[in-house]
Amino acid sequence: MNRADQLVERAADRLQELANQFAAKGGPKAKLAGELAEDAAFVRKLKPSLMRARLRGEAPTDQKPGEGVVAPAGPQLGERPKPKGKGGPNPLVVIGIAFAVGIVAAKLIDWRGHAHPRA
């Protein structure tokens, strides 16, 4: 745990202690105790190491509020398999064939044009 994680954890601990004190006193402060406890759980989720893990996809991102989870020790899945290439023909070959067909079509049209000249 690095220094930033420790600072966030200390802040969450202070919020939890304050929530416990308010709950013990009762009265109007007791109503705030539940919200402070939820805030403490939320602050724990703001640890930089957990945020980095969620960004890399190594920690769950779809939790219900109030559930505390520690990031997994390592990646949960192995390396992704490479997709099988179902590529087509070389694009340069396709362009060359289209060019050749175009030339043949132009020669054919030009040749047929000489058969019936306009007077």
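Numbering (this note's numbering), first residue to last: 1207 to 1325.
Note that CB positions come from ideal geometry on N, CA and C, so glycine has one too.
The structure displayed is predicted, hence computed values, not measured ones.
- The Cβ neighbour count for PHE1228, taken over all protein chains shown within 10 Å, is at least 16; the residue is labelled buried.
- Taking 8 angstroms as the cut-off, the Cβ atoms of ALA1210 and PRO1254 count as close.
- If you look at ARG1216, you'll find it in the alpha helix (DSSP H) that goes 1209-1231.
- Approximately 5 angstroms separates the beta-carbon atoms of ALA1239 and ALA1225; this is inside 8 angstroms, confirming the contact.
- If you look at LEU1242, you'll find it in the alpha helix (DSSP H) that goes 1234-1250.
- DSSP, reduced to helix, strand and coil, places ASP1268 outside both helices and strands of the structure shown, so it counts as coil.
- When the beta-carbon positions are compared, LEU1283 and VAL1249 stay at least 8 angstroms from each other.
- In this structure, the straight-line span from the alpha carbon of GLN1212 to that of PRO1295 is close to 57 angstroms.
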